[in-house]
Amino acid sequence: MFLTLPTVRKLFREDFSGRTPIRIERRELPELVQRWQADLGSIDGVHVTYHPGDRDSRSRTLCRFTVPDPHVNRHQWRSDEVRLEYDDADYLQLAVKRRGAATLLAPVSSLDEIKTFVHHVQTRYSRSEAVRRKQARLREFKSKAIVAQVRKLAQQHRFDFAVKVDTAKLTLFVRWNDSDTMELTIPFDRFEKVLPQLSSAVESFRRLQYEGVRFKTSTSNQRTADLDWICVTEP
Numbered sequence: 428m429f430l431t432l433p434t435v436r437k438l439f440r441e442d443f444s445g446r447t448p449i450r451i452e453r454r455e456l457p458e459l460v461q462r463w464q465a466d467l468g469s470i471d472g473v474h475v476t477y478h479p480g481d482r483d484s485r486s487r488t489l490c491r492f493t494v495p496d497p498h499v500n501r502h503q504w505r506s507d508e509v510r511l512e513y514d515d516a517d518y519l520q521l522a523v524k525r526r527g528a529a530t531l532l533a534p535v536s537s538l539d540e541i542k543t544f545v546h547h548v549q550t551r552y553s554r555s556e557a558v559r560r561k562q563a564r565l566r567e568f569k570s571k572a573i574v575a576q577v578r579k580l581a582q583q584h585r586f587d588f589a590v591k592v593d594t595a596k597l598t599l600f601v602r603w604n605d606s607d608t609m610e611l612t613i614p615f616d617r618f619e620k621v622l623p624q625l626s627s628a629v630e631s632f633r634r635l636q637y638e639g640v641r642f643k644t645s646t647s648n649q650r651t652a653d654l655d656w657i658c659v660t661e662p
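Position one of the sequence shown corresponds to residue 428 (my numbering), numbered consecutively onward.
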């Protein structure tokens, strides 16, 4: 389950009333484990997981599960699991344990409460994905605008260029010739401010080159080999 602890805490508080927590009979544990594993496995979006330590007679974990985010391709760790356990008084509870943080607990009164919790987890996944897509569209729009401005600069000063984009910045590669390449990392929110300075810097760089000055500005061939270069210096 790929949610922050504050979000999990909020959902636990909202989705589990604690009014009529389920109390188990320890002599029925084998049957209860099988029943809860089947019930949880029937919930859409739930992936039941297993750990050999749960078979230990000292273990209080009936079963454990994750709620994978369908929009994110990442490995699931033990810290992503939700555990169905029983406490000292034999009452069922959900537990989320993360290293270095206090365990979050929620008393379980019914399977429906867990279904509601899972639904709310999935709702937050969907909201996060909508935000990611919106941010990606904005970055793409902004990147295209930046590339258009850099293209004008490249045509003016005769250099080839390539760009790499991540969530916060644009890396601009400027290639003067086969041996000289510059790499500039520019935050998105500062590009408009940097662009006039970049133009002046390029102009100065070109002027010095014409005067016979040489610079050691090359990046590694390995880093630039896979770039899609936009060439304006070709005849």
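Backbone N, C-alpha and C fix where the C-beta goes; we use that ideal spot for every residue, glycine too.
N- and C-terminal bounds of the beta strand (DSSP E) containing PRO457: Premise fails: PRO457 lies in the alpha helix (DSSP H), 456-468, not in any beta strand (DSSP E).
TRP656 classed as buried or exposed, judged by whether at least 16 other C-beta atoms fall within 10 angstroms: The Cβ neighbour count for TRP656, taken over all protein chains shown within 10 Å, is under 16; the residue is labelled exposed.
Environment of ARG560 [buried if 16+ CB atoms lie within 10 Å]: Under this definition ARG560 is an exposed residue.
Identity of the residues DSSP links to MET609 by a beta bridge: Answer is VAL601.
8 Å Cβ cutoff met for LEU580 and LEU625: At a Cβ-Cβ threshold of 8 Å, LEU580 and LEU625 count as neighbours.
Cβ-based burial, THR612 [other Cβ within 10 Å; buried from 16]: A residue is called buried once 16 or more other Cβ atoms fall within 10 Å of its Cβ, and THR612, having fewer, is exposed.
Whole-Å CB distance - ASP514 paired with THR493, under 8 Å assumed: Under the criterion of beta carbons closer than 8 Å, ASP514 and THR493 do not qualify as touching, at roughly 22 Å.
Inside the region 536-594 only - alpha helix (DSSP H) runs reaching at least 4 residues: The alpha helix (DSSP H) runs lying completely inside the region 536-594 and spanning 4 residues or more are 538-584, given in chain order.
Cβ neighbour criterion (16 or more within 10 Å) applied to PHE568: Exposed is the call here.
Own chain residues within Cβ distance below 8 Å of THR530, not counting five before or after: Excluding sequence neighbours, THR530 sits near ALA522, VAL523 and LYS524.
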